[in-house]
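Asks: The structure under discussion is supplied below as structure tokens; questions concerning it will follow.
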Amino acid sequence: MSWAPPPLARLLSRTEQLLSRFDETLGDAGLAYDDLRSAVTLDALLVARQHAEAVVVLARAQLLSSAIGVLRMQYEAVLRGAWLMFAATEKEVAILSAPLTPGTLQASKNLGTSVELLTAIELSSGAPPPLKLALREFRESSKDVLNSHSHAGLHPLRRHDGHFEREMATTLVASNGLTYLTAMSIVHAGGVPERQGDVNVLFTSYSDCMNRRR
């Protein structure tokens, strides 16, 4: 029997609770970002956390295409955080921590595409295999839909097919999965891997809002 997300209204409410608990759980985690790589990684992961909040706001406003566009941004922020943590060189980390100038902006544009960042993470011996798998699976399963909604392709232009609620629920579930990756990456970058258990307990209690592997 295939898994289906809960009704949209319940999923929205549960997701809002999850994000609030996320902040409570990590707010007192004793994280220590005392080096440049960890600090820049945290910045990227906090951007991902903001995008998770935005997906919920857009879902409540019934703005499906906008929510899916932000979902793509959320994925790329998580991807950037993982790349900074496990694959970026010291020079690349320095580029993304430098003051914003025309020169540093141009340098940041040369750091690689999302595909190149993902490949670098997959080649890193330090990146956890489950993180590599999750990032790859998300890309392979979602890239066509994300691109279509981001560029006003076929998916957002066929709004009359009656699939709105299921697509919005699927978007929220995908966003919650990225939020889990964000939380696990934050405790790793913060030097408190023992707090991974707290993160797992939190997300297990919201398993109805998460995608279930076959």
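My numbering puts the first residue of the sequence shown at 785, with every later residue one more than the last. Ideal Cβ placement from N, Cα and C applies to all residues, glycine included. Just so we're clear, the structure is a prediction, and the values are computed from it rather than from any experiment.
1) If contacts are defined as beta-carbon pairs under 8 Å, then LEU848 and GLU924 qualify, I think. What distance do you get, rounded to the angstrom?
2) Skipping 5 residues on each side, what residues in its chain have a beta carbon closer than 8 Å to that of PHE922?
3) Give every residue of the same chain whose Cβ lies closer than 7 Å to the Cβ of THR799, excluding the five residues on either side of it in the sequence, and list them in chain order.
4) Please state whether the Cβ-Cβ distance between THR809 and VAL983 is less than 8 Å.
5) So does the segment 899-913 actually touch the segment 863-875, counting three or more Cβ pairs closer than 8 Å?
6) Taking LYS875 as the reference, which of VAL824, LEU919, GLN980, LEU795 has the closest Cα?
7) Rounded to whole angstroms, what is the Cα-Cα separation between HIS972 and ALA793?
8) Using a 10 Å radius around the Cβ and a threshold of 16 neighbouring Cβ atoms, would you call GLN801 buried or exposed?
9) When the Cα atoms are used, what is the spatial distance from SER881 to SER822?
10) Mapping DSSP to helix, strand and coil, what is GLY961?
11) Which of the three DSSP states, helix, strand or coil, is assigned to ASN995?
12) Excluding the 5 residues flanking LEU863 on each side, which residues of the same chain have their C-beta closer than 8 Å to its C-beta?
13) Can you round the beta-carbon distance between ALA999 and LEU796 to whole angstroms, since I take them to be within the 8 Å contact cut?
14) Mind reading off the beta-carbon distance from ARG805 to LEU986? Whole number of angstroms is fine, and I expect it under 8 Å.
15) Would you tell me roughly how many angstroms separate the C-alpha atoms of THR885 and GLU949, rounded to the nearest one?
16) Does the Cβ of SER892 have 16 or more other Cβ atoms within 10 Å, making it buried, or fewer, making it exposed?
17) Per DSSP, what kind of secondary structure is LEU907 in: helix, strand or coil?
Replies: Based on what the coordinates show:
1) On the sequence shown, residue 848 is found 64 positions in, with the first residue counted as 1. On the sequence shown, residue 924 is found 140 positions in, with the first residue counted as 1. Going by Cβ atoms, the distance from LEU848 to GLU924 rounds to 22 Å, so no, they are not a contact pair.
2) Working through the sequence shown from its first residue, we reach residue 922 at position 138. The residues are TYR859, ALA958, GLY961, LEU962.
3) Within the sequence shown, residue 799 is the residue found at index 15, counting from 1. So the list reads VAL840, LEU956, ASN960, CYS993, once near-sequence residues are dropped.
4) Sequence index remark: in the sequence shown, residue 809 carries index 25 (1-based). Sequence index remark: in the sequence shown, residue 983 carries index 199 (1-based). Contact annotation: THR809 and VAL983 have beta-carbon atoms nearer than 8 Å.
5) With a cut-off of 8 Å, the segment 863-875 and the segment 899-913 count as touching, because enough Cβ pairs lie within range.
6) As a first step, residue 875 must be located in the sequence shown, where it is residue number 91. When only C-alpha atoms are compared, the closest one is VAL824.
7) Here the question's residue 972 lines up with position 188 in the sequence shown. Here the question's residue 793 lines up with position 9 in the sequence shown. Linking HIS972 to ALA793 through their CA atoms gives a straight-line distance of about 33 Å.
8) As a working note, residue 801 is residue 17 in the sequence shown. Classification of GLN801: exposed, given that the 10 Å Cβ count is below 16.
9) For the purposes of this step, residue 881 is taken as residue 97 along the sequence shown, with counting starting at 1. For the purposes of this step, residue 822 is taken as residue 38 along the sequence shown, with counting starting at 1. Just so you know, the alpha carbons of SER881 and SER822 end up roughly 11 Å apart.
10) Residue 961 sits at position 177 when you count from the first residue of the sequence shown. Here GLY961 carries a helix assignment [DSSP, helix/strand/coil].
11) If you number the sequence shown from 1, residue 995 lands on position 211. The DSSP-derived three-state label of ASN995 is coil.
12) Walking along the sequence shown from the start, residue 863 turns up at place 79. Hits under 8 Å: SER898, LEU901, LEU902, ILE905, LEU919.
13) Any answer about residue 999 is impossible in this case: the structure gives the chain only from 785 up to 998.
14) Taking the first residue of the sequence shown as 1, we reach residue 805 at position 21. Taking the first residue of the sequence shown as 1, we reach residue 986 at position 202. Going by Cβ atoms, the distance from ARG805 to LEU986 rounds to 6 Å, so yes, they are a contact pair.
15) Counted from its first residue, the sequence shown places residue 885 at position 101. Counted from its first residue, the sequence shown places residue 949 at position 165. GLU949 has its alpha-carbon roughly 43 Å from the corresponding atom of THR885.
16) The sequence position of residue 892 within the sequence shown is 108, counting from 1. Under this definition SER892 is an exposed residue.
17) On the sequence shown, residue 907 is found 123 positions in, with the first residue counted as 1. In the structure shown, LEU907 sits in a helix (DSSP, three-state: H, G or I).
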